[in-house]
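S.K.: Quick one: the structure is below, and I'll ask about it shortly.
Numbering (the working numbering), first residue to last: 1395 to 1905.
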């Protein structure tokens, strides 16, 4: 350890991290009060008591479901040197307390400063939109790595630091976890971080301290209205990513925007940066997909731009993936990645877990598992399935509990219109009664289904088994809503449940 002034440098194989004295942090927040030793040296900032190590400061927050203050004794027992809170709490022997008027206001100031603003060191690429964020982020990561760039990824499925995998809990982590991850990426020599940026994260300022260099907009369709209230508020949250593209420590800010989507114009208007537009339909877009051919095993098309034409043969299919690829190519151009690396990475890209993922056990029909949980997402995958299906589409899906209820009948109508048979089942019902959710979905199904087959089966496992038993050669079974997830949330219980595993089990039972 080398002590210098008010900072402590921890030297090791992974580089160094700067540590801060409590009084240095307190000076940043008006009204902050220290109880205990103001010279306490803080070596980490942690919001999960299970991750506390000796010398850390534990952030005790009132959460939606859990009160962090209940875990203060556990954090102290594990060696926490300080507690950060907005409450008055009893003195803790040997442990300092930093009390601030508002954690919501203080954390976006304290946390990036504590980690020496890693989001200003890394090249940051943010992807926002209702659908396509995950696949686009993985495509961009593949391109950057092909170009020899050390790259981290933060998203819905997991965090990746090169090939190391860290489980994810939110599309975009809270500000404490996010800055901690970015700092680790800097420490381990990453040049880039590719990040899915949700509307919740933008609205709640979870990305405070992140100086984005390239921002990608995929699309905007109905989702999260339980949180945002209106589509206008939802769009405004997305625009915040593009408003953040202002000059700073790093040159070269670019907005990469899908202009086939009506909300694309709003994103461009919000961005005081260079623009790269992409589209399939809009002829004035700077990047266009032309000569598009889709088939079961992939897609062929050319990206047309100022550089000429880049012909691609992909292992992923669906028009939605054509858009995802265009967004990724736009981000690569913004970051001056050679077209040779772009072409090689995209040609070899294997797909993303739970995104139009084929479950193949040698059966004479297709089984597709996809994360689609919005009206637009469901419509996209069913249209993609139609393009590869000579006979019938059998769709199994449900809607999550404690989320936007208005999309339930809408998704029911879409499934009924674009499928030949529909089985409505549970997704993640959370605190709601699964039968009530299913009935709200069925209301939309009944409006559109006509004489086609429809069934409501509450147990998701049974629903998948029934759908696979119905399938005949040339059919496609689409299991939508959960994708990569390997759990199901039922009231206060979370159980193991993986659509892909259940599908394989059902297929194995047919042999």
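In this text, a Cβ means the ideal position worked out from N, Cα and C, and glycines have one as well. Bear in mind that the values here come from a model prediction, so they are computed numbers and not experimental data.
Indicate whether at least one CB of chain D lies closer than 9 Å to the CB of residue 1807.
M.R.: Of the protein chains in this structure there is only one, and it is not chain D.
S.K.: Put residue 1731 into one of helix, strand or coil per three-state DSSP.
M.R.: In this structure, residue 1731 counts as coil in the three-state DSSP scheme.
S.K.: Could you tell me which whole beta strand (DSSP E) segments of length 3 or greater appear in the segment 1755 to 1791?
M.R.: Correct list: 1760 to 1764, 1787 to 1791.
S.K.: Buried or exposed for residue 1794, please, with buried defined as at least 16 other CB atoms from any protein chain shown within 10 angstroms of its CB.
M.R.: The residue in question, residue 1794, is buried, as its Cβ has 16 or more Cβ neighbours within 10 Å.
S.K.: Assign residue 1606 to one of three DSSP states: helix, strand, or coil.
M.R.: If DSSP states are grouped into helix, strand and coil, residue 1606 belongs with the strands.
S.K.: Please classify residue 1691: is it buried, with 16 or more other beta-carbons within 10 angstroms of its beta-carbon, or exposed?
M.R.: Its Cβ having fewer than 16 others within 10 Å, residue 1691 is exposed.
S.K.: Would you mind stating whether residue 1588 and residue 1548 have Cβ atoms separated by less than 9 Å?
M.R.: Yes. Within cutoff.
S.K.: Looking only at its own chain, which residues have a Cβ that is under 6 Å from the Cβ of residue 1637, when we skip the five neighbours before and after it?
M.R.: Result list for residue 1637: 1664, in chain order.
S.K.: Quick check on the burial criterion: 16 or more other C-beta atoms within 10 angstroms. Buried or exposed for residue 1483?
M.R.: Exposed, by the Cβ-count rule.
S.K.: For residue 1587, does the three-state DSSP call read helix, strand or coil?
M.R.: Strand, per DSSP.
S.K.: Using the three-state DSSP reduction, which class does residue 1870 fall into: helix, strand or coil?
M.R.: Correct three-state label for residue 1870: strand.
S.K.: So, using beta-carbon positions, are residue 1790 and residue 1819 closer together than 9 Å?
M.R.: Contact: yes.
S.K.: In chain order, which continuous runs of the alpha helix (DSSP H) of length 4 or greater are located wholly inside the segment 1692 to 1755?
M.R.: Runs of the alpha helix (DSSP H) inside the segment 1692 to 1755: 1713 to 1728, 1733 to 1742.
S.K.: Please determine, among 1807, 1884, 1823, the residue with the shortest C-alpha to C-alpha distance to residue 1848.
M.R.: Per the Cα distances, 1807.
S.K.: Residue range of the alpha helix (DSSP H) that residue 1594 falls in?
M.R.: First-last of the alpha helix (DSSP H) with residue 1594: 1593 to 1597.
S.K.: In whole angstroms, what is the alpha-carbon distance linking residue 1842 and residue 1442?
M.R.: Answer to the nearest angstrom: the Cα atoms are 47 Å apart.
S.K.: Would you be able to state if there are at least three C-beta pairs under 8 Å between the segment 1551 to 1566 and the segment 1641 to 1661?
M.R.: Segments in contact, no.
S.K.: Just curious, the beta strand (DSSP E) that residue 1849 is in, first and last residue?
M.R.: Taken as a continuous stretch (DSSP letters only), the beta strand (DSSP E) holding residue 1849 covers 1847 to 1850.
S.K.: Applying the 10 Å Cβ sphere with the 16-neighbour rule, what's the burial state of residue 1729?
M.R.: Label assigned to residue 1729: buried.
S.K.: Would a C-beta distance cut-off of 9 Å place residue 1450 and residue 1431 closer than the cut-off?
M.R.: No, these two residues do not count as a Cβ contact at 9 Å.
S.K.: Hey, would you say residue 1910 sits closer than 9 Å to residue 1632, going by beta carbons?
M.R.: This structure leaves residue 1910 out entirely; the chain is present only between 1395 and 1905.
S.K.: Alpha carbon to alpha carbon, how far is residue 1564 from residue 1600?
M.R.: Approximately 11 Å between the Cα atoms of the pair.
S.K.: Pull up the CB-CB distance for residue 1693 and residue 1715, whole angstroms please, since I reckon it's below 8 Å.
M.R.: Their Cβ separation, rounded to whole angstroms, is 7 Å, which keeps residue 1693 and residue 1715 in contact under 8 Å.
S.K.: Would DSSP call residue 1889 helix, strand or coil?
M.R.: Correct three-state label for residue 1889: strand.
S.K.: Could you give the distance in angstroms between the alpha-carbon of residue 1447 and the alpha-carbon of residue 1465?
M.R.: Those two C-alpha atoms are separated by around 14 Å.
S.K.: Would you list the one or two residues that DSSP bridges to residue 1553?
M.R.: Residue 1553 is bridged to 1548, 1560.
S.K.: Can you tell which of 1861, 1745, 1880, 1886 has its C-alpha closest to the C-alpha of residue 1904?
M.R.: Closest option to residue 1904, Cα to Cα, is 1861.
S.K.: Span of the beta strand (DSSP E) holding residue 1636?
M.R.: Element bounds for residue 1636: not the beta strand (DSSP E) but the alpha helix (DSSP H), 1625 to 1637.
S.K.: Residue 1859 lies in the alpha helix (DSSP H); which residues open and close that run?
M.R.: It spans 1854 to 1864 - the alpha helix (DSSP H) in which residue 1859 sits, taken as one unbroken run.
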